[in-house]
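A short write-up of the structure that comes next.
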Amino acid sequence: MSTINYDERIPNNVNLSSDKRLLRALEKWHPAYLDWWKEMGPEGWQGNDVYLRTAVSVEPGGWAHWGYVKMPEYRWGIFLDDPVPDRRISHGDHMGAPVWQEVPGEYRNILRRVIVTQADTEPASVEQQRRLGETAPSLYDMRSLFQVNVEEGRHLWAMVYLLHAHFGKDGRDEADELLARRAGNPDKPRILDAFNQPCADWLTFFCFTTFTDRDGKYQLGALAESAFDPLSRTCRFMLTEEAHHLSVGETGVERILRRGAQLEKQSSHGDARELGGIDVPTVQKWVNYWFPYCLDLFGSEISSNAAEFFASGLKGRWAEHKDYEDHRALGVSHSMTVVKNGQMEQQDVPLRNAMNEVLRQSYINDCARVVKRWNNALEEEGSRFRITLPSPRFFRRQGIYADAHFDREGQLISKEEWDQKIVGWLPSDADRAYVTGLMKPVYEPGKMANWIAAPRKGLAGQSLEFDYVRV
Ligand SMILES: [Fe+2]
Ligand SMILES: [Fe+2]
């Protein structure tokens, strides 16, 4: 018999202690989760005190508690955003009907697949990032990494709660599988490709949190529109935490660019690498790599699955109510560029079948805003370089552009031309070796590695010299 009081052990607002069936399921899953965390979570730092925020409620402004905690003792909570009174289905064929508190039988399988696919990304990213503590450029950054990691762990809890509470034995089996797959393991890989890519250096980490966590933001936003109300409420609260992950990435890349630009000016050849920095063209190559990988995550441009998700009300668009007037999306089409007989041409696709593309476009607009901010920083620092986003057709491995080759501007090119130019576009072995060579840990409070500028201020009211991780 368990002696854990789950209301104390797991902060929650779902009245955990009153649901015996759910408690039994969690009591079985919880030790397996901890085993997974100790095996696959941040390597080498499990015994250290880390200054972390913990979600303790869903009150805007007061939802987080800050304090030192050892990561295996982090209180991974289960929080659903407050219910919206009389919430109605926002889009699709059932628009206007009351939202569902239980899973309708006919959507059980696809809904489970949607939840599992989202859930799988959460532990995957923890696995991808597990060795970065060894090379943290500062204690401030190491803390940010661990904050992201424990919150991805909490997102896994949030999704596992849905599986346990609403999908019976199938849900429990899926929850077990989430702890069994491993990022990058060829025998039992994570579901989505971007979550099997190595994340071995901090430039990658900051690109990952900029681009891949931002995919998470848009997926969660689309699921926040879901007719399945518990999923909607879960995703709405996850978005609160996700905002921090995005800012870790966005400001991290910006700090690398600033430092690169400063060293570029100091160097006699105008080359930041000469003085041990990361030059802007190298950052551009990382952008060229990660942005397309994250575009792939949205699924194919023309997709009957996407149409079904929208029609059934399982998944809406980003800001469905704010940005759109027609929420049925019937009898309308979306124009997209396709490749036919070796030529690019425009094709009209029924809007519902283009929903992945519509969500991807919202994401691209957001990425463009981030790049603009980075370029403002480069201008301020007097760099001669700017960052650009490649065309959404460039370097795709999923969807309608995967079978052809495109240059960075999105023009069709031959395989021979692609093979010739790839070294200039994507990180080469030499680029990776250079960046990896810079990754030396800096564990002294307030100090920064040479290749990254200091953040403007500390976190949560603390100074930059604060002991964010007790080494
Ligand atoms: Fe997450
Ligand atoms: Fe995240």
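FYI, in the numbering used here the residues of the sequence shown are -4 to 466.
Positions of the beta carbon are idealized from the N, C-alpha and C atoms, including for glycine.
Only a predicted model underlies this, so the values are computations on that prediction, with no experimental measurement involved.
Considering only heavy atoms of ligand 2, does any lie closer than 6 Å to the CB of residue i?
i    : result
H240 : yes
E237 : yes
R136 : It should be pointed out that residue 136 corresponds to Asp in this sequence rather than to Arg. Every heavy atom of ligand 2 is 6 Å or more from the Cβ of D136, so no.
D77  : no
D208 : yes
Under 8 Å Cβ to Cβ from residue i, same chain only, skipping five residues before and after it: list those, please.
i     : result
A59   : R48, T49, A50, V51
M(-4) : Its pLDDT being 35, under 50, M(-4) is placed unreliably in this model, and the value from its coordinates should be taken loosely. Excluding residues within five positions, none has a Cβ falling inside 8 Å.
M90   : R83, I84, G308, H322, R323
I382  : L252, V275, V278, Q279, V282, V366, W369, N370, L373
For residue i, which three-state DSSP category applies?
i    : result
F223 : strand
H86  : coil
A175 : coil
D77  : coil
R254 : helix
T116 : helix
I186 : coil
E259 : helix
A59  : strand
W32  : helix
W24  : helix
V111 : helix
N180 : coil
A509 : With the chain covering only -4 through 466, there is no way to say anything about residue 509.
P132 : coil
H322 : coil
Cβ-heavy atom distance between residue i and ligand 1 below 6 Å?
i    : result
G211 : yes
H329 : no
E117 : yes
H161 : no
E245 : no
H150 : yes
E122 : no
E129 : no
E147 : yes
Skipping 5 residues on each side, what residues in its chain have a beta carbon closer than 6 Å to that of residue i?
i    : result
V64  : L47
E249 : W369, A372
C230 : L215, L218, A219
Y358 : Y213
V111 : E169
Is it buried or exposed for residue i, if we count other Cβ within 10 angstroms and need 16 for buried?
i    : result
P26  : exposed
I417 : exposed
V437 : buried
S378 : buried
T431 : exposed
E374 : exposed
W71  : buried
N7   : buried
K487 : Nothing about residue 487 can be read from this structure; the chain reaches only from -4 to 466.
A189 : buried
S458 : exposed
V98  : buried
G326 : exposed
W313 : buried
W61  : exposed
Would you kindly work out how many angstroms separate the C-alpha atoms of residue i and residue j, rounded to a whole number?
i    : j    : result
R254 : S133 : 15 Å
Y69  : V145 : 7 Å
D88  : Y319 : 16 Å
R355 : S263 : 42 Å
R149 : W32  : 11 Å
P276 : A160 : 49 Å
R108 : S409 : 37 Å
I73  : N10  : 10 Å
P78  : P55  : 14 Å
P387 : G179 : 25 Å
N43  : E296 : 45 Å
W281 : F201 : 10 Å
L519 : Y463 : Absent from the structure is residue 519, since the part of the chain shown begins at -4 and ends at 466.
A444 : G57  : 34 Å
M137 : P440 : 11 Å
Y102 : N351 : 19 Å
K15  : R4   : 16 Å
S328 : E129 : 50 Å
I'd like to know whether the C-beta of residue i is nearer than 7 Å to at least one C-beta of chain B.
i   : result
P67 : Protein chains in the displayed structure number just one, and chain B is not present.
Short of 7 Å in beta carbon distance, which residues of its chain neighbour residue i, apart from the five on each side in sequence? Order them along the chain.
i    : result
I447 : P132, R250, I251, R254
P93  : R83
R125 : M35, G36, P37, E38
W95  : A222, F223, D224
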